[in-house]
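Protein sequence lines, in the order shown, are assigned to chains S and F. Every letter in the first sequence is one number past the one before it in this note's numbering, and letter 63, counting from 1, is 63. Start counting at 1 in the second sequence, then tack on 198, and there's your number in this note's numbering. Ideal Cβ positions, reconstructed from N, Cα and C, are used throughout, including at glycine. Quick caveat, the model's predicted, so the values are computed rather than measured. I have placed the structure first, in the form of structure tokens, so that the comments after it can refer back to it.
Protein chains: 2
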Amino acid sequence: MKIVLATRNKGKIAELRRILDGFDIVGLEEFPEIEDVVETGVTFEENALLKAVAVAKAAGLPAVADDSGLCVDVLNGMPGVFSARWSGRHGADEANIDLLLAQVGDVPDHLLTAYFACCAALALPTGETRVAVGTLPGSLIRERRGAHGFGYDPIFVPDGDVRTTAELSPGEKDAISHRGRAFRALAPIVTELLVTGA
Amino acid sequence: MKIVLATRNKGKIAELRRILDGFDIVGLEEFPEIEDVVETGVTFEENALLKAVAVAKAAGLPAVADDSGLCVDVLNGMPGVFSARWSGRHGADEANIDLLLAQVGDVPDHLLTAYFACCAALALPTGETRVAVGTLPGSLIRERRGAHGFGYDPIFVPDGDVRTTAELSPGEKDAISHRGRAFRALAPIVTELLVTGA
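Shown next as structure tokens:
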């Protein structure tokens with residue numbers, strides 16, 4: 001059965017294919033007529049649902065979308081849904097990291113706890129929806145380390161490790177990441193809804 | 199009775215003199231040997247107490263300090279204690295406003311609610327402390343208006359008004375501001391502790 005993942009990111013599509021085994025996962029590149037959804041939500045769930053519902057309706061197929069971000073405790077969970085545009089420009093990873101590190105410059109090290117969070121949403125063309133969440137707790141460091149990943153990975157060390165998420169291999173990161181956890185939590189829900197029709 | 203206000207800002211000293219009538223309010227300019235306190239707290243109360251306690255101890259006199267900021271609801275109350283250094287540099291008002299407006303660029307207007315908050319703290323040389331808080335609810339606009347005030351005043355409209363706090367006269371702003379409210383709430387506590395010795 002075909003499911004659209006509401007992204008044009010090939011890495012994300014490959015990741016979901018590994019997790020949602022048995023489904024035919026396709027990306028938005030197969031639907032060039034579908035426009036990008038503006039993320040006007042103020043929670044991960046709102047944004048994930050906005051994207052999944054819009055794509056399911058436009059494509060006439062079940063759609064999966066996610067919204068993710070870094071939640072820093074002393075910033076009351078921000079950058080949160082604003083993670084990709086924290087410095088004011090969408091997707092400016094380096095500027096976002098520079099800004100975050102400057103903002104917490106006077107905060108003592110032991111207070112630099114944070115977590116990555118992801119909400120994964122499934123929407124059917126009928127409008128029916130389901131969501132699942134995943135988190136990865138850890139803390140921030142003040143100097144970048146590692147060349148893998150993207151976003152805030154170079155300054156985030158997961159609890160129980162000494163490496164940043166940018167120093168983990170893609171497989172190691174999949175196994176523990178907020179996105180991996182959210183998609184694995186969503187997988188049985190997708191199966192239940194689409195295969196058994198429950 | 200002499201009270202030190204932990205600031206070198208003449209406007210703040212004049213404001214506290216008007217509110218704490220009957221006390222001899224002096225600023226840090228009379229104590230050039232006292233170093234600036236780094237605001238390592240993550241709440242307004244922590245930072246206000248850090249400053250008041252440090253100055254009371256160093257000066258051997260009762261000291262009053264405050265910490266204030268703008269709390270934006272969709273940012274979970276941030277910039278908050280990071281208001282003055284939101285863009286990464288302390289006191290860069292224009293850059294801070296530019297960044298905040300860019301961050302909420304995709305957020306619908308009706309969700310741009312915010313409030314100014316202030317914690318005012320009194321500390322005695324003995325280590326005894328008291329705090330009082332004040333807030334001013336309102337919402338953000340996307341274009342600056344007004345030439346008074348400082349910080350985020352040009353983009354903040356208090357509830358019940360159509361003008362920004364930068365369009366209010368200093369007297370109008372004193373009457374409703376978070377700082378005015380916090381200091382007026384602290385005044386009877388100061389009197390009680392220092393005059394009646396309760």
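Check the Cβ of residue i against every Cβ in chain F and list those closer than 8 Å, keeping chain order.
i: S/T40; result: D304, V305 and P306
By the DSSP assignment, the beta strand (DSSP E) with residue i in it spans what residues?
i: S/L193; result: Where S/L193 is concerned, there is no enclosing beta strand (DSSP E), given that its DSSP letter is neither H nor E.
i: S/F44; result: From DSSP, S/F44 is part of no beta strand (DSSP E) but of the alpha helix (DSSP H) over F44 to A59.
i: F/L299; result: Careful: F/L299 lies outside any beta strand (DSSP E), inside the alpha helix (DSSP H) at D291 to Q301.
i: F/P368; result: It is not in any beta strand (DSSP E) - F/P368 instead sits in the alpha helix (DSSP H) that spans P368 to I374.
i: F/F229; result: Counting along the chain, F/F229 falls outside any beta strand (DSSP E), and DSSP gives it neither H nor E.
i: F/L334; result: T327 to L338
i: S/L122; result: T113 to A123
i: F/L268; result: A261 to V270
i: S/V81; result: It is not in any beta strand (DSSP E) - S/V81 carries neither H nor E in the DSSP assignment.
i: S/P108; result: From DSSP, S/P108 is part of no beta strand (DSSP E); its letter is neither H nor E.
i: F/I223; result: D222 to G225
i: F/L273; result: Where F/L273 is concerned, there is no enclosing beta strand (DSSP E), given that its DSSP letter is neither H nor E.
i: F/P352; result: Per DSSP, F/P352 belongs to no beta strand (DSSP E) and is neither H nor E.
i: S/E4; result: A small fix is needed here, since residue 4 of chain S is Val in this sequence, not Glu. Residues K2 to L5.
So, using beta-carbon positions, are residue i and residue j closer together than 8 Å?
i: S/G41; j: S/L50; result: yes
i: S/L5; j: S/I25; result: yes
i: F/R328; j: F/L391; result: yes
i: S/D21; j: S/N47; result: no
i: F/L299; j: F/R361; result: no
i: S/L140; j: S/L112; result: yes
i: F/A364; j: F/G347; result: yes
i: F/L259; j: F/P323; result: yes
i: S/S177; j: S/F82; result: no
i: S/G204; j: F/Q301; result: A query on residue 204 of chain S cannot be resolved here, the shown segment of chain S reaching from 1 to 198 and no further.
i: F/I201; j: F/V262; result: yes
i: S/G134; j: S/G105; result: no
i: F/L273; j: S/M78; result: yes
Just to confirm the assignment, what range does the alpha helix (DSSP H) spanning residue i have?
i: S/R17; result: K10 to I19
Counting contacts by CB-CB distance shorter than 8 Å, is residue i in contact with chain F?
i: S/A65; result: no
i: S/G77; result: yes
i: S/G146; result: no
i: S/V37; result: no
i: S/V4; result: no
i: S/L99; result: yes
i: S/V133; result: no
i: S/V74; result: yes
Against chain S, with Cβ distances strictly below 8 Å, would residue i count as a contact?
i: F/V393; result: no
i: F/F280; result: yes
i: F/V253; result: no
i: F/L268; result: no
i: F/V360; result: no
i: F/L309; result: yes
i: F/L248; result: no
Along chain S, which residues have their Cβ under 9 Å away from the Cβ of residue i?
i: F/A300; result: R85, S87, G88 and R89
The region 93–103 of chain S / the region 148–157 of chain S touching (three or more Cβ pairs under 8 Å)
yes
Please confirm if the region 176–185 of chain S is in contact with the region 209–216 of chain F, defined as three or more CB-CB distances below 8 Å between the two stretches.
no
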